[in-house]
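Okay, structure first, notes after.
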Amino acid sequence: MSIAAFATGDHIAAMSPREIGRLGEDLAVRRLVRDGWTIHDRNFRTRRGEIDIVASDGDTLVFVEVKTRRPSHVGAGVHAVDENKVRRLRTMAGYYLMNRAPAHSAIRIDVMSIAVSVHAEPRIDHIQDVCS
15 MSIAAFATGD HIAAMSPREI GRLGEDLAVR RLVRDGWTIH DRNFRTRRGE
65 IDIVASDGDT LVFVEVKTRR PSHVGAGVHA VDENKVRRLR TMAGYYLMNR
115 APAHSAIRID VMSIAVSVHA EPRIDHIQDV CS
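Numbering (my numbering), first residue to last: 15 to 146.
Quick look at the structure:
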């Protein structure tokens with residue numbers, strides 16, 4: 015998947031953190047759909063925060079946290095998901111399950127870490143079931 019479909023040239027360097035985050039979420043959704051997932055919600059907000067993507071991977075309902083970084087940012091995006099963030103994700107997932115969830119046999123929380131660059135294709139790392 016070419017990043018050119020989303021942003022070209024120095025445009026990435028000029029993007030705000032919010033725009034970079036949105037770009038990463040768009041890339042994540044494209045990857046998940048390409049892999050046969052069904053997207054139920056994006057940017058689902060609760061009082062405790064926001065779930066970036068809610069999707070189905072077969073019979074499993076998955077809550078996906080997307081962390082997008084430029085190469086100049088120290089550390090992979092997955093390192094930004096600490097124990098406190100996982101606890102908040104669990105709380106938000108519980109709220110979603112009580113209020114909006116379609117029927118699924120299992121649930122899990124994943125993290126997608128995306129590195130975007132002007133000079134290279136995006137790198138997408140998908141870490142499944144970060145709570146186990």
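Note that beta-carbon positions come from the ideal geometry of N, C-alpha and C, so glycine has one too.
Taken through DSSP and simplified to helix, strand or coil, R104 comes out as helix. Remark: C-beta atoms of H118 and S70 approach each other more closely than 8 Å. Comparing C-alpha distances from S30 to each of V76, G63, R84 and R56 shows the shortest one belongs to R84. Between V100 and I123, the C-beta gap is smaller than 8 Å, which places the two residues in contact.
Of the candidates E79, Y110 and G35, the residue whose Cα lies closest to the Cα of D96 is E79.
Nearest in C-alpha terms to R56, of all of I26, A107, R137 and A28, is A107. Here DSSP, grouped into helix, strand and coil, assigns R83 to strand.
In the three-state DSSP reduction, M112 falls in the helix class (H, G or I).
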